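Residue numbers (the working numbering): 3 to 454. Every residue, glycine too, gets a C-beta built ideally from N, C-alpha and C. Owing to the predicted nature of the structure, the values given are computational and were not obtained by experimental measurement.
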Ligand code: SF4
């Protein structure tokens with residue numbers, strides 16, 4: 003199915019439209035308040051963006067340093083060139099440890115490599131423990147947002163899923179408010195945490211100077227995944243590296259405000275190696291799997307800017323296309339502007355279904371991006387590639403060819419715009435398309451007015 007077809011289906015989905023209506027008053031308004039209240043936003047943004055670019059310019063050195071420090075602290079670091087290799091490494095670790103029950107924290111990299119499905123296929127019992135991820139796992143869906151995986155669902159839909167999945171609970175229990183649903187999920191997940199043989203979490207940063215992985219969550223589920231089971235596996239992509247704690251601290255400050263408008267996430271945890279003799283908690287065995295999956299190939303290209311992305315989701319929340327169609331319309335793991343810029347860079351075949359049309363070039367994503375990533379420029383470059391390869395709707399390609407022909411012939415262009423204006427004034431029904439009414443042309447064309 004093409005991006006257009008998925009978008010049409012999303013626009014016709016009343017429940018989805020109701021859920022998406024909460025995005026601007028929620029995420030957008032909260033971010034705006036948090037940024038307005040923080041005088042240092044612009045300076046920290048510039049410092050963090052420069053720090054990340056400097057790390058990317060010398061990635062191998064920082065990777066080697068991180069590996070050495072993490073292994074000195076008792077962790078084992080694995081490099082995975084692609085998704086298949088990462089899945090094989092993680093499956094092998096779990097098998098060797100004799101693990102069966104696995105609790106998992108939220109990680110977009112694990113979504114990228116389809117980890118949960120692969121582990122389930124290999125016979126492991128995997129429970130997603132982030133509330134949103136748990137909900138979509140019950141529904142066998144992918145996340146629709148990089149920080150709010152179940153943002154596309156209503157409370158009623160979630161209550162129906164819980165009734166279906168938790169069939170050992172009384173069917174007439176009260177599920178009328180969010181607190182009741184959270185309490186129910188909490189009770190179920192507690193049992194899974196206590197019974198787990200292994201925990202798998204992601205990382206928001208890899209701190210090279212100490213070999214530490216940093217994780218932020220609002221639910222504390224990542225800490226339970228990391229500290230209760232005997233075995234901990236961290237999966238992270240290679241661009242998560244920062245030099246030191248100061249670099250990581252700036253990311254935390256930007257991430258929380260840009261994502262949810264919080265000054266800081268509820269839990270920020272740092273994991274360095276295995277449990278020491280004098281420590282009460284922590285894993286006895288720790289593995290860190292560093293995924294490349296096409297990232298190194300981006301270094302030195304304009305798309306290396308995407309390796310600075312901290313997955314805050316601000317560009318999604320401010321995107322008029324995402325607000326209208328939601329994340330599933332993009333058809334892959336990363337939606338919204340960051341998805342349009344990243345997905346085809348990692349996987350050129352992603353251009354084939356027309357996702358690159360899902361951008362109005364309004365530029366709001368670049369304005370809010372805390373890492374100063376020029377998203378519209380990157381998306382435009384993908385559009386050139388898509389056009390060269392002949393992808394996209396025939397009408398759009400034909401329209402572009404016509405426009406290019408006219409733009410190179412000023413007299414014909416003037417004639418066409420005059421004719422277009424006359425037609426729209428004379429036949430206003432032409433300005434109505436699929437229920438939308440365009441405003442009538444405002445008198446003489448711009449070029450005529452500019453001359454007068
Ligand atoms: S591209 Fe920028 S705004 Fe979008 S998720 Fe990444 S860091 Fe956040």
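Same chain only: Cβ atoms within 8 Å of residue i, ignoring 5 sequence neighbours per side
{"i": "residue 110", "result": "145, 148, 204, 313, 335 and 336"}
{"i": "residue 300", "result": "306, 308, 309, 347 and 348"}
{"i": "residue 127", "result": "102, 103 and 104"}
Inter-residue spacing [alpha-carbon to alpha-carbon] between residue i and residue j
{"i": "residue 381", "j": "residue 258", "result": "25 Å"}
{"i": "residue 266", "j": "residue 372", "result": "15 Å"}
{"i": "residue 125", "j": "residue 88", "result": "17 Å"}
{"i": "residue 2", "j": "residue 135", "result": "For the chain, the structure presents residues 3 to 454; residue 2 sits outside this window and is missing."}
{"i": "residue 417", "j": "residue 386", "result": "28 Å"}
{"i": "residue 189", "j": "residue 319", "result": "31 Å"}
{"i": "residue 237", "j": "residue 62", "result": "18 Å"}
{"i": "residue 430", "j": "residue 388", "result": "34 Å"}
Residue i - partner residues in DSSP beta bridges
{"i": "residue 460", "result": "In this structure the chain extends from 3 to 454, so residue 460 is not present and cannot be described."}
{"i": "residue 425", "result": "According to DSSP, residue 425 bridges with nothing at all."}
{"i": "residue 77", "result": "288"}
{"i": "residue 209", "result": "214 and 244"}
{"i": "residue 36", "result": "Partner(s): none; residue 36 has no beta bridge."}
{"i": "residue 82", "result": "293"}
{"i": "residue 118", "result": "The partner list for residue 118 (beta bridge, DSSP) is empty, contrary to what the question assumes."}
{"i": "residue 128", "result": "104"}
Nearest candidate by alpha-carbon position, reference residue i, set the options
{"i": "residue 133", "options": "121, 164 and 115", "result": "164"}
{"i": "residue 25", "options": "311, 263, 85 and 403", "result": "263"}
{"i": "residue 426", "options": "179, 416, 413 and 441", "result": "441"}
{"i": "residue 252", "options": "209, 60 and 115", "result": "209"}
{"i": "residue 196", "options": "131, 215 and 367", "result": "131"}
{"i": "residue 85", "options": "431, 198, 94 and 114", "result": "114"}
{"i": "residue 75", "options": "215, 432, 362 and 9", "result": "215"}
{"i": "residue 307", "options": "48, 54 and 247", "result": "54"}
{"i": "residue 340", "options": "326, 355, 354 and 361", "result": "361"}
{"i": "residue 423", "options": "448, 407, 401 and 32", "result": "448"}
{"i": "residue 220", "options": "150, 174, 172 and 395", "result": "150"}
{"i": "residue 377", "options": "321, 7, 14 and 185", "result": "321"}
{"i": "residue 43", "options": "255, 404 and 451", "result": "255"}
{"i": "residue 391", "options": "350, 397, 368 and 408", "result": "350"}
Residue-chain proximity (residue i, chain D), Cβ-Cβ < 7 Å
{"i": "residue 287", "result": "Looking for chain D here will not work: only one protein chain is present."}
Residues near residue i by beta carbon distance below 6 Å, same chain, minus five either side
{"i": "residue 201", "result": "105, 227, 228, 231 and 234"}
{"i": "residue 140", "result": "163 and 167"}
{"i": "residue 47", "result": "372"}
{"i": "residue 108", "result": "132 and 135"}
{"i": "residue 29", "result": "319"}
{"i": "residue 218", "result": "206, 267 and 270"}
Cβ pair residue i, residue j closer than 7 Å
{"i": "residue 357", "j": "residue 393", "result": "no"}
{"i": "residue 291", "j": "residue 57", "result": "no"}
{"i": "residue 310", "j": "residue 260", "result": "no"}
{"i": "residue 288", "j": "residue 66", "result": "no"}
{"i": "residue 59", "j": "residue 374", "result": "no"}
{"i": "residue 156", "j": "residue 225", "result": "no"}
{"i": "residue 71", "j": "residue 213", "result": "yes"}
7 Å Cβ shell around residue i - same chain, five flanking residues per side excluded
{"i": "residue 64", "result": "57, 210, 243 and 245"}
{"i": "residue 18", "result": "12, 154 and 328"}
{"i": "residue 352", "result": "334, 345 and 346"}
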